[in-house]
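To keep things clear, I will list the structure first and then write my remarks on it.
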Amino acid sequence: MLTIRSSIQYRVTSAFPTDRLAVLVPLAGADDLQRLSDRLQTWGLSKAAAGAARQRLLRQEFKAKPGDVSLITDLAAGTVFFVFGVSADKDQRFESRGPRQVSVALGGMRKLVEAVQAEKPGSLVLDLADGSLWQTTGSLYAARSAGQMAAHLVQALELAYTPLPKQVKAYKADPVPTTVTLLVADAETATVTAAVERERILAAAGNLVRILTQLPANILNLDHYEALLTEIAADDPQLTLQVWNQAALSEAGAGCLVAVGRTALEPPRVARLSYTPVQAATATAAIVGKGVVYDTGGLSIKPSKYMLGMHDDMSGSAVAAAMAWAAAKLQTPYAVQAFLGLVENAIGPNAYRPGDILTAMNGKTVEVIDTDAEGRLVLADTLVLAQQEAKPDLLMDFATLTGSCLRALGDIASGICGNREDLYPLAVQAGYDTGDRVWPFPNWPEYADAIESKVADIRQCSPDAGPDVQHSFCFLNEFVSPDVPWLHVDMSSVRNDEGLGASPAGFTGFGARYGLAVLERIFAK
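This is the structure:
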């Protein structure tokens, strides 16, 4: 199995640990440093040393905001203390409470872990036993359980300490802490233990997305991708893998997907990674992922500036696979069937062309306008196949589909659309609750006017600049039954060079955690 978890051993206890090279102490009230000083003394600091630490924080004007981290060294005991802020007070621009609360908290955890990495401690302790330090009314964690803060730290640690693949030169990861101890009150041990176990699975799902997305196209080609999916399926007895090859897809009438991939050295395919619960499933979700392992733009070739990095055009398929894997590990009561449309959009003598008319799997004809809008063609047939095979109660798709979504939202959130507007509030809230933020785009039928065709049932896209997020939705809507609730996710937060939430800079792992949160909320209704 791919290495998607760190080697850290987590333990939850109410007893003070003896191996405590680094102690993490949360603080919500910067105006109550005396209470912090008292807490440091319980860890063995002398009254004088604790008082000196308090004075240092005062000199630093420590505000206890998320991202504020102060290092206190106790040379006598050989222990370092990280005091980190969890205050929900206003900053200069935003209110930290409310919708942004989880995103702010996760960003603070990322900065804490970055500070920890610089010190390279052999073991860590997160001190959650004294709730008066961090559960005050001015805290991001006010009236919240210790399990939630523990989960946020585990997420940041797993994302930071699980090495991503490096193909060019030797990769040396920072020394990984041997153990992380969550020190909690007796009454919290069971809930925190459960929270840690769940978080390790969700963080591993995010890491699976990050690892697959980082692999370059000469490593993650179509054959290797299928081999990795076989490995993933073998990791759990309730996961199965089925693959439709090019011949099977052609026979089934998947003319759009086959056209995109037919000129590549390795033929296109669709893979279905399915999780089925032991008991009868309460519902079935079909998750469709765009899996373009490299996108040259086809005959509508991209400029080199925009072609660089196009190995990440398969990140939607990575999300779909990670959701099925995580659902199996979490033993969800609902089934998850992930359908990955896997192609390479290459250039060659057999490439499809602007002006071609393709026939999709549901019989609709499509006028090709731009071969660099290949993702919606891949999704069209994969969506039809997913509905035919899974008979889902909910259909979701994930794709790095349009540049216009990135221009609209930037790289801190992704766009959503769907055929059930009543699901939008729930879908947006799931983003707030997980830190994988999304925002809805309108799905008004007037947008479909731009993709009417005179020679086919529909045009692939508009030949003119315009609201391509909406145009792509209108196109995909032609391949979704109105009887099936459907959410489309246009992934513009796949990569963030500053770091996003708990994720370090680079590929964020967006999508798997969010998608599972959506399923939980919809199927709980």
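Here the working numbering runs 83 ahead of the position in the sequence shown, where the first position is 1. Backbone N, C-alpha and C define an ideal beta-carbon position, used for all residues, glycine too.
8 angstroms Cβ cutoff met for residue i and residue j
i: V95; j: F165; result: no
i: E472; j: R345; result: no
i: V343; j: Y435; result: yes
i: T367; j: P475; result: yes
i: G438; j: M574; result: no
i: A113; j: A147; result: yes
i: V185; j: G446; result: no
i: T465; j: V371; result: yes
i: I499; j: V572; result: yes
i: V353; j: L322; result: no
i: L266; j: V279; result: no
i: W217; j: V187; result: no
i: A133; j: Q124; result: yes
i: C339; j: V449; result: yes
i: V196; j: I91; result: no
i: K385; j: T483; result: no
i: A212; j: S97; result: yes
i: D358; j: V419; result: A small correction: the amino acid at residue 358 is Tyr; Asp does not occupy that position in the sequence shown. Yes, these two residues count as a Cβ contact at 8 angstroms.
i: P100; j: V163; result: no
i: M444; j: G592; result: no
i: L570; j: L506; result: yes
i: A111; j: G221; result: yes
Spatially closest choice to residue i from the options, by CA coordinates
i: G150; options: K194, R122, W126, P550; result: K194
i: E241; options: Q143, P260, G127; result: P260
i: L312; options: L119, V521, W408; result: W408
i: C557; options: M192, F524, P258; result: F524
i: A600; options: P565, L413, N502, T125; result: L413
i: Y515; options: R293, K388, A277, R604; result: R604
i: D453; options: H394, A513, T379; result: T379
i: P432; options: L382, V402, D395, A469; result: L382
i: D480; options: G594, T272, T245; result: G594
i: G598; options: D532, G392, S497; result: S497
i: I541; options: V451, V567, L468, L104; result: V451
i: L285; options: I87, D532, D396, I499; result: I87
i: N290; options: V511, L506, V572, L85; result: L85
i: F606; options: W527, V538, A364, L559; result: A364
i: D395; options: L123, L295, P386; result: L295
i: I430; options: G230, D455, F422; result: D455
i: T272; options: E314, S228, E282, R293; result: S228
i: I302; options: T359, Y244, Y377; result: Y377
i: E334; options: L423, V361, L468, A411; result: L468
i: H554; options: L441, L207, A288, P528; result: P528
Any non-hydrogen atom of the ligand PLP closer than 7 angstroms to residue i Cβ
i: T415; result: In terms of ligand content, the structure shown is empty, and the ligand PLP therefore cannot be addressed.
Status (buried if at least 16 other CB within 10 Å, exposed otherwise) for residue i
i: L141; result: exposed
i: S215; result: exposed
i: Q175; result: With a pLDDT of 48 at Q175, under the threshold of 50, the modelled position of this residue cannot be trusted, and the question is left open.
i: L298; result: buried
i: A588; result: exposed
i: W327; result: buried
i: M232; result: buried
i: V106; result: buried
i: S586; result: buried
i: Q304; result: The amino acid occupying residue 304 in the given sequence is Asn; Gln does not appear at that position. By the neighbour-count rule (16 or more Cβ atoms within 10 Å), N304 is buried.
i: L348; result: exposed
i: Y389; result: exposed
i: N579; result: buried
i: A310; result: exposed
i: V275; result: buried
i: G230; result: buried
i: V538; result: exposed
i: V361; result: exposed
i: P320; result: exposed
Cross-strand partners of residue i (DSSP beta bridge)
i: F422; result: R355, V371
i: N428; result: D378
i: A401; result: In the DSSP output, where bridge partners are listed per residue, A401 has none listed.
i: D480; result: V371, H571
i: N52; result: One cannot answer for residue 52 here, as it falls past the ends of the chain, which runs 84 to 608.
i: R103; result: The partner list for R103 (beta bridge, DSSP) is empty, contrary to what the question assumes.
i: D210; result: L266
i: W327; result: V353
i: W522; result: G498
i: T96; result: L266
i: I155; result: F164
i: R542; result: E450
i: L466; result: DSSP, once it has assigned bridges, lists no residue as partnering L466.
i: T219; result: Beta-bridge pairing links T219 to no other residue.
Cutoff 8 angstroms: residue i Cβ touching any chain B Cβ
i: D318; result: The structure shown contains no chain B; it holds only a single protein chain.
Answer yes if the stretch 459-466 comes into contact with the stretch 491-498, meaning at least three C-beta pairs across the two stretches below 8 angstroms, and no otherwise.
No, the stretch 491-498 does not touch the stretch 459-466.
Indicate whether the contact test is met: 3 or more Cβ pairs, each with one atom in the stretch 540-559 and one in the stretch 474-489, closer than 8 angstroms.
Enough Cβ pairs lie closer than 8 angstroms, so yes.
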